[in-house]
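Residues 249 to 1011, numbered by the numbering used here, are exactly what the sequence shown covers, in order. Where a beta carbon is used, it is the ideal one built from N, C-alpha and C, also for glycine. Here the structure is a predicted model, which means the values were calculated and not measured. Only one structure is covered here, and it is reproduced in the block below.
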Amino acid sequence: MARKRRSTAGKIVRRTFLGLGAAAIGGVALGVWAVRREVDNPLSADAGEAVFNPYLKIAEDGTITVITPRAEMGQGVHTTLAAMVAEELDVATTDLTLETGPPSAAYYNSAMMAESAFPPHFERGLAAEAQRTMMESMGKVLGLQVTGGSSSIIDGYDKMREAGATARAALVSAAAARWDVGADTLQTMQGRVVHPASDRSFSYGELALDAATVEVDTPRLRARSDWKVLGKSQPRAEIERKVTGAPIFGIDVDLPSMLYGTVAISPRFGAKAISVNMDAARAVRGVQDVVEIDTQTGSGFGIIADNTWAAFEGARALEVEWGPATYPADDAAIDAALISAIEAEPSHALMDKGDVDAAFTDPQGTVVEAEYAVPYLAHATMEPMNATAQFADNTLTIWTGTQAPGIVQSRCALLAGIDKENVVVNQLFLGGGFGRRGEVDYSLYATALAMHVQGRPIKVTWTREEDMRHDTYRPAALGRFRAVVPANGAATAVEMKIAAPSIIASVVGRTYPDLPMGGPDKTITDGAYNQPVMIDNHRVSGHVADIAIPTGFWRSVGNSYNGFFHEGFMDEMAEASGLDPLAFRLAMMGDDARLAPARLCLEKVSQMSGFAQPRAAGKGIGIAHVLSFGSWVAMAVQVDTTDDIQIENVWIAADPGTVLDPRNFRDQMISGAIFGFGQALGQEITFADGRVQQENFWDYPMLSMGQTPKFEIEILQNADHIGGAGEIGTPPAAPALAGAIFDATGQRLRRMPFTRDVAFRQV
């Protein structure tokens, strides 16, 4: 029997919100109370308004407000989260008003934490599910309100739908009480509760205040076959404001009596100034002051000015001698550190199956060996880092675009010396995130300057150069691989060694420096150890490189380079076997039923691209498959090499299990692939004397519109678990491109960017 709870403001009132269906095992490890406790509802009702749960308010005038508690950074997440509520509430998405909502533990992201569990996505045994359950529970206990890991839709899939279904049930119950009829005699449509027998109806607004206090059964969510909104493309909620240039981004903030600022942080990470002369900077017209900044994320100086340009000029005029780097200071030294790490004992091996050493002692087939490498990469968001802060009356108010508003709230409170309840974070749209805006440095620096301006708001904007040279980079990585490959068959032994700095240690170290670290960092081998292959003797080891350059979550994280490593080496094994790249991949998967989505994606993309057909002169097609963030993605890339290389066509077959907005999903596939091609076509962060050498888009190029290929995308929905969308198009892009170039020219590319070895057409 479904249990009942009172749907009053102030509490999350439904079982799904608590995550109890998955929390039983996690409760043992984390504390049953901590997992099962009800989380306070952060919403309060204005006059004439009813709060149903943390995601939904309905006013007497019929205004329906949905809280979409994830960062909108171009991925369309607000539209799809709202569509989930609309589906169960029986309204159109255009009938909804959307708000981001405040930082709150009520908006914890359990799906992102579940994705951080070690078992491969297709492992669904008791032990694997227990680990995912524990990680989901940690998301609630820690109250992590974070947008990342392609998890927003997965996390919201039950929460947002049940928010709408719960409210709808309460509205029907309120109407039934007024009419003194059975709730089962009523229907809902277009924002009204209808009694067909008497042709009477109430609007949701008329019922809202009563409905917020009634008891309702935990509702049954609609079956996919009954969906009216989900599964169909919806108009983007924010598109009109974007195309009309509305002030919706952090960089657009404009407040009365506002000051402006920028920062000049040490170009050698972790170092401080040895000496400084501020006179020239303070003499710049419009500069009001130059102050020291010293935070857990970096040290340097902040310039306070009457306008942003004056602040930029003041920063350029600073005369500073900076301390030395405490990490390998140039590319050669970084390469040496990676080599040292990969030749040392592994830090972890999340895949270690069979007897790998014995298989190579007496190899039954050809031994294939290869070394792959990638450089550091910047996020290079179109909107540079910025935040506006005001510190007055012991209250700190921040306006910014962030992927982690709760972390901004707590870390900035600590810097300001106040309780986090006294920090208000106004969440704005992000002009690109890709993981970079999960960091707190730019909000900390704005807070630091706000503490020097006597209660006035100050907007702190970074120059493009400051942004490029003070990123939290995708780490450089080195991979060494070997395999035993029989003729015309799958590999019988594979060993993959991957060396990279630890992203997790870097992120936690600068965000929560007092938090102890433990356990392996799966991001080092993510996309290599957990791919859909069945190998008798299989070892994938991670080797942590001790390089104190800040690293962070970059679109698809470890999959971004391990997808290239794994699939590039897959092509080399295929060549040694005598099979073509598609046939070899299928052979490596065997007939394991759990891997059916991968086989179907590869077969579909082969059909779409004509992979089996003869190529015209100078043409080549490469193929790759990467399972990441719960979604299976196969990609084929066609190039023309008759002159400089041109990427002509891209075919993608993706299976995330369930697609809620097909057009938006396709857009994310294209966006992710373009991001992946960008890293191949010239992007790299290099170092000299401990400093980043790149400074702007002229030496850190984006894929141009003229270089962008045509895309054809097929969405499959065979997988039995819902997967992500935002990052999954990135990992297979570079290896499929490398395979296409090899197909056309016979040249293997094992190091990114590919522009080190080949030339691409500039159009």
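For residue i, does the count of other Cβ atoms within 10 angstroms reach 16, so buried, or fall short, so exposed?
i	result
A1007	exposed
A295	exposed
S603	The amino acid occupying residue 603 in the given sequence is Asp; Ser does not appear at that position. Exposed: under 16 other Cβ atoms inside 10 Å.
E593	exposed
F265	Low confidence applies to F265: its pLDDT is 29, below 50, so where it sits in the model is not reliable, and the reading given next is rough at best. Classification for F265: buried.
A459	buried
E726	Sequence check: residue 726 is Leu here, not Glu. The residue in question, L726, is buried, as its Cβ has 16 or more Cβ neighbours within 10 Å.
W899	buried
R533	exposed
V538	buried
L374	exposed
W880	buried
L763	exposed
K200	What is shown of the chain runs 249 to 1011, which leaves residue 200 out entirely.
D542	exposed
L417	The sequence given here places Ala at residue 417; Leu does not occur at that position. Buried, because 16 or more other Cβ atoms sit within 10 Å of the Cβ of A417.
For residue i and residue j, I'd like the C-alpha separation in whole angstroms.
i	j	result
L908	L951	29 Å
P350	P653	8 Å
Q393	G387	8 Å
V708	I496	16 Å
F682	F877	14 Å
A988	I918	18 Å
D903	H969	10 Å
G767	A864	51 Å
Y760	N357	18 Å
Q995	I871	16 Å
S421	A415	10 Å
V874	Q379	23 Å
Y693	A618	44 Å
G806	I772	6 Å
L985	G858	16 Å
Q942	E371	42 Å
A271	V389	Here A271 scores only 32 on pLDDT, less than 50, and its place in the model should not be relied on; the value that follows carries that caveat. Spanning the two alpha carbons is a distance of roughly 11 Å.
I783	D769	23 Å
L507	D432	60 Å
T799	S399	21 Å
Would you list the residues sitting across from residue i in a DSSP beta bridge?
i	result
Q886	I869 and N897
V940	F935
L625	R722
S451	R440
F925	Partner(s): none; F925 has no beta bridge.
T709	N634
E569	S523
R372	The partner list for R372 (beta bridge, DSSP) is empty, contrary to what the question assumes.
D537	I552
A512	F549
W557	Answer by DSSP bridge pairing: none, since W557 is not bridged.
L304	N301 and V314
Leaving out the 5 sequence neighbours to the left and right, which residues in its chain are closer than 8 Å to residue i when beta-carbon positions are compared?
i	result
R448	W427 and V442
V477	A331, A334, E335, A340 and T341
A277	Confidence at A277 is low in this model, with a pLDDT of 41, below 50, so the placement of that residue should be treated as unreliable; the coordinate-derived value is given next. Closer than 8 Å at Cβ, skipping near neighbours: M382 and S385.
D915	G324
V1011	Q894, S952, G954 and Q955
V524	F549, L566, E567, V568 and E569
Short of 6 Å in beta carbon distance, which residues of its chain neighbour residue i, apart from the five on each side in sequence? Order them along the chain.
i	result
A1040	The question about residue 1040 has no answer, for the chain in this structure spans 249 to 1011.
N897	Q886, P957 and K958
A519	W570 and G571
E820	V616 and A618
S352	P290
A731	V616, A739, V742 and M821
Answer with yes or no whether the minimum CB distance from residue i to chain D is below 9 Å.
i	result
Y690	Structure shown: chain D not included; a single protein chain is present.
Rounded to whole angstroms, how far is the Cβ of residue i from the Cβ of residue j, which I believe are closer than 8 Å?
i	j	result
Q965	Y948	Not confirmed; about 37 Å, so no contact.
D774	N736	Wrong, their Cβ atoms sit about 31 Å apart, outside the cutoff.
A1022	F832	Past the boundaries of the shown model lies residue 1022; the chain is included only from 249 to 1011, so the question cannot be answered.
T636	V501	4 Å
V788	L586	17 Å between Cβ atoms; not a contact.
H326	A485	5 Å
Skipping 5 residues on each side, what residues in its chain have a beta carbon closer than 7 Å to that of residue i?
i	result
V216	In the structure displayed, the chain extends from 249 to 1011; residue 216 sits before or after that span and is not available.
T1003	L929 and G930
G396	M360, Q651, G683, G686 and F801
L434	V420, A423, A424, V441, V442 and H443
P910	S481 and I963
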